[in-house]
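Participant: Those protein sequences? They're chains A and B, same order as listed.
Just so we're aligned, residue 1 is where the first sequence starts under the numbering used here, counting upward by one.
Just so we're aligned, residue 1 is where the second sequence starts under the numbering used here, counting upward by one.
Beta carbons are placed, not taken as given, at the ideal position from N, Cα and C, and that holds for glycine.
In this text the structure is predicted, and so the values were computed from the model without any measurement.
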Amino acid sequence: MRMTQRFLTWFFAALAVFAIAGLSLLLFAVPADWTLKDLNGGRFTLSENLGRGPTLILFWATWCRPCKQELKEYKSIFETYQEKGVQVLAISEDNSKTQSQIKPFIQSNGYNFTVLLDPTGEVLKSYGGESIPFTIVLDSVGAVQKTYRGKIQKIDDLSKLLEKLLVESAGE
Amino acid sequence: MSGSNLLRLDEGYEVDPHKHAEFPDNRAYRSFFENRLRLNIAYGNWTFGGRFLYFRPSEIDKRFFAVESETGLDKRYFEAQVRPLAIRVGHFAEVFDHGLTLGLFENREIFFDSELDGVRLSLAQGPVSFTALKGRSRARAGFLVEEEGVTGAHAEVVPLAGWKVGASFVHLDSSGYAEARLPAVSGLATVGPLQFGGEFAWKETDLGASKTHGQACYLEVIATSGRYNLLINYKDYEYRGWTPFQNPPLVSREIGPRLLQNREPHVFYPEDDVGYQIELRGVVLKEVSALAHFNHSSQHAVGQKGIARPTLQERNWPYWEFFTSVENTWPSGWSLEFEGGLNEEAQTQFWYKKAWMAADVGGPMGQMGHIQFGGEVLRVHDQRGGKEFVDELATLGWEDGKSLSVELQSQWTDDEALREREGSFWPSAEIGYSFGEGRHRATLFWGRERGGLRCSNGFCRRVQPFEGFRFSLESSL
């Protein structure tokens, strides 16, 4: 009897928590916001850089071979969309051990994306990333539209999505 | 709301390090299961997050590493952002500058977690930013970190882009390690194509009636000219009581070709380490980029005068590495990567000289996806044993350009001592499949895998050779 009571108490308590959380999500849920440092010591806050079009975020690191392959393979595609108005952010997961490698790698390969530092992995985790490469596409208000785990394989799908988001943001 | 789930499962056999028998009679059954469910819920400027862990290590993990089964909410936090302030209560990681005083992180693959449970306050206003924190690390059975109270603060000013001055202070209470204080100063200056950066930290540790004084210094210079880039780093770490909460730069390469990773890779030990690295990279022809790297480090030599520098004396555990790599990408999308290198390291247990070559070639095949071939050869000279052996590796990978990838790999060696411990031939196949609009990725490994040291940020675990199935499923929720 006592066990049943305890079970029912826990069951209804859990139900109440889920109901409140669900309702709150419907009413108040907003896209995540964050601030990271760039390679020159400056700060970049996502919410201050939204509203001009979609954002493509590439999580990578200097020690991650598939990440570097992806950057190299799709460089011209990323640059084309950057020129069209897509904000391309390359967020490095290098920590203090390997951070000195980032700038030489970016400069020598001629990448002109905005490079940000996430040494603790908090931003990666906030989007549900567990490993890299990890890529997400945000709309103009910062809501996640697409997630790629591992190397991007369907690059045509990514292009179509970015085109669609560019048209939508131009109409806003 | 955002979240993720990671499931890992191993079923097969692994070598039991306590079993005195030749391979394959030294194996034991391995059954490993881990599930990590992470959820983040944002309400306006507030975020709640947590991770539910279900962890069932193998019997060897329990006996060899002393880790224990775990079920429950092992991470949770609440974060509020009211610009320019942000406050986080619960679990957090943090890095102050180059990590000489504080660099916290978690890596469950090597059973390491130095994250704190406490409060972190951050302020960022104009060119000034400030972080203060107080928390406790968690001592878990088998993990490499003791419970410790950590208090710290870091401030920095960025007067101009490319210029920065900073200061940090960290205090460790005496619960898990000796009580210590670590102040530090740091700076960054950019003058035309040159960038100078560095950090200097002091460490004062209480040892009952006496105190020890250690220090750590890290310097970097980056010079850029067109598409050429020169990086020079210097380190001089002598903490005299280093703890896992300090995480300074390596000043060497941590992850190289796969065969090197399996054959006693260099282990970074910041308690006593001095060295430098020089790396030149650039685009030498239109489609060809090249890199040349050299690093040299050792323990401090007794009686050395002037600026501390590494030696080649065997008693100082010297390590040096030289490698060069070339990458060529053709307009068709096919690419070739080649690396050749040499290194040498003397430790208490071994003194190896190694030479290697690694090549990868791959590219698109029209509608048939993308194909990749790889090969590595590593020649190892055991200086003390007077022996020489060769490890080899070949890979064939294919991606369908949509959702499926396959990699076949084989490694083999002529090292007789290794054959007795873990065999001499390691074939494997790995299939990866993405589904649900790329929100889920499943990976299935089947075959044999070499053991060896797995390192992350200088912390290493000796992983046992494995044979069987490994399944992982990573999902966005």
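Given a limit of 7 Å on CB to CB distance, which residues of the segment 32–44 of chain A reach chain B?
Facilitator: A32, D33, T35, N40, G41, G42, R43
Participant: Beta strand (DSSP E) containing B/E220: first to last residue?
Facilitator: Going by DSSP, B/E220 is part of the beta strand (DSSP E) stretching over 210–225.
Participant: I need the DSSP call for B/V143, collapsed to helix, strand or coil.
Facilitator: Going by the sequence as given, residue 143 of chain B is Phe instead of Val. Residue state, collapsed to three classes: coil.
Participant: Does the separation of the CB atoms of A/E93 and A/G121 fall below 8 Å?
Facilitator: Going by C-beta atoms, A/E93 is nearer than 8 Å to A/G121.
Participant: Quick one: which unbroken alpha helix (DSSP H) runs of 4-plus residues sit fully inside the segment 157–201 of chain B? Chain order, please.
Facilitator: Complete alpha helix (DSSP H) runs here, min 4: none at all.
Participant: Spatial neighbours of B/T224 within its chain, please: C-beta separation below 7 Å, excluding the five flanking residues on both sides.
Facilitator: Taking B/T224 as the centre and dropping the five residues before and after it, the same chain places the C-beta of P193 closer than 7 Å to its C-beta, in chain order.
Participant: In this structure, how does DSSP classify B/N343 when only helix, strand and coil are distinguished?
Facilitator: Here B/N343 carries a strand assignment [DSSP, helix/strand/coil].
Participant: Residues in the segment 92–124 of chain B with C-beta within 9 Å of chain A's C-beta atoms, listed in sequence order?
Facilitator: F92, A93, E94, V95, F96, D97, H98, G99, L100, G103, L104, F105, E106, E115, S122, A124
Participant: Relative to the C-alpha of B/G3, which candidate in A/K125, A/L46, A/A170, A/G150 has its C-alpha closest?
Facilitator: A/K125
Participant: Mind reading off the beta-carbon distance from B/D236 to B/V267? Whole number of angstroms is fine, and I expect it under 8 Å.
Facilitator: Going by Cβ atoms, the distance from B/D236 to B/V267 rounds to 18 Å, so no, they are not a contact pair.
Participant: Is there at least one Cβ from chain A nearer than 8 Å to B/A312's Cβ?
Facilitator: Residue identity check: residue 312 of chain B is Leu in the sequence provided, not Ala. No - not a single Cβ of chain A is within 8 Å of the one on B/L312.
Participant: Just to confirm my understanding: we take B/D400, look at its own chain, exclude 5 residues before and 5 after, and list those with CB closer than 7 Å. What are they?
Facilitator: G369
Participant: List, from N- to C-terminal side, the alpha helix (DSSP H) runs of 4 residues or more that fit wholly inside the segment 394–448 of chain B.
Facilitator: If we require 4 residues or more, the alpha helix (DSSP H) runs fully inside the segment 394–448 of chain B come out as 416–422.
Participant: Examine chain A for any beta-carbon lying closer than 8 Å to the beta-carbon of B/Q409, and answer yes or no.
Facilitator: no
Participant: Between B/G12 and the rest of its own chain, which residues show a CB-CB distance below 7 Å, the 5 nearest in sequence each way excluded?
Facilitator: R30, F466, E467, G468, F469
Participant: At the level of alpha carbons, what is the spacing between B/Y77 and B/G214?
Facilitator: 34 Å
Participant: Per DSSP, what kind of secondary structure is A/S47 in: helix, strand or coil?
Facilitator: helix
Participant: Taking the DSSP output, what are the residues bridged to B/A80?
Facilitator: DSSP output for B/A80 lists B/W46, B/I87 as bridge partner(s).
Participant: Evaluate B/Q367 with the Cβ neighbour count: other Cβ atoms within 10 Å of its Cβ, from every protein chain shown; 16 or more gives buried, anything less gives exposed.
Facilitator: exposed
Participant: Starting from A/F105, follow the alpha helix (DSSP H) in both directions and report where the run begins and ends.
Facilitator: Residues 102–108.
Participant: Using a Cβ-Cβ cut-off of 8 Å, state whether A/K164 counts as contacting chain B.
Facilitator: no
Participant: Considering only DSSP beta bridges, list what B/P364 is partnered with.
Facilitator: B/H370
Participant: Keeping to the same chain, check which residues put their C-beta closer than 7 Å to that of B/F48; ignore five residues upstream and five downstream.
Facilitator: I41, F78
Participant: Rounded to the nearest angstrom, how far is the Cβ of B/E392 from that of B/N328, given a contact under 8 Å?
Facilitator: Actually they are not in contact, since the Cβ atoms of B/E392 and B/N328 sit about 24 Å apart, beyond 8 Å.
Participant: Report yes if the CB atom of B/E156 is closer than 8 Å to the CB atom of B/G142, and no otherwise.
Facilitator: Contact flag unset, no.
Participant: Please tell me whether B/I222 has its Cβ less than 8 Å away from any Cβ of chain A.
Facilitator: Output row for B/I222: interface = yes.
Participant: Can you list, in chain order, the residues of its chain whose CB lies under 6 Å from that of B/S434, leaving out five sequence neighbours each side?
Facilitator: S403, R441
Participant: Going by Cα to Cα distance, which pick from A/K97, A/A90, A/P104 is closest to A/I136?
Facilitator: A/A90
Participant: Quick check on A/T98 - is its C-beta less than 8 Å from some C-beta in chain B?
Facilitator: yes
Participant: Shorter than 8 Å from the beta carbon of A/A29 to some beta carbon of chain B?
Facilitator: Confidence is the limiting factor: at A/A29 the pLDDT is only 47, short of 50, which leaves the residue's position unreliable, though a coordinate-based value still follows. Judged by the 8 Å Cβ criterion, A/A29 is in contact with chain B.
Participant: Counting only the same chain and skipping the five closest in sequence on each side, list residues whose C-beta sits under 8 Å from that of A/P133.
Facilitator: For A/P133, where only same-chain residues beyond five positions count, the Cβ hits under 8 Å are L58, F59, W60, C64, P66, C67, E70, Y148, G150, K151, I152.
Participant: Can you tell me whether A/Q153 is helix, strand or coil according to DSSP?
Facilitator: Three-state result, A/Q153: coil.
Participant: With H, G and I counted as helix, E and B as strand and the rest as coil, what does DSSP make of B/I307?
Facilitator: The three-state secondary structure of B/I307, taken from DSSP, is coil.
Participant: Identify the contact partners of B/Y228 in chain A, using a Cβ-Cβ distance below 8 Å as the criterion.
Facilitator: S108
Participant: Going by C-alpha to C-alpha distance, which of B/F350, B/D206, B/R421 sits closest to B/H20?
Facilitator: B/R421
Participant: Going along the chain, which residues of the segment 171–195 of chain B sit with their C-beta nearer than 9 Å to a C-beta in chain A?
Facilitator: L188, T190, Q195
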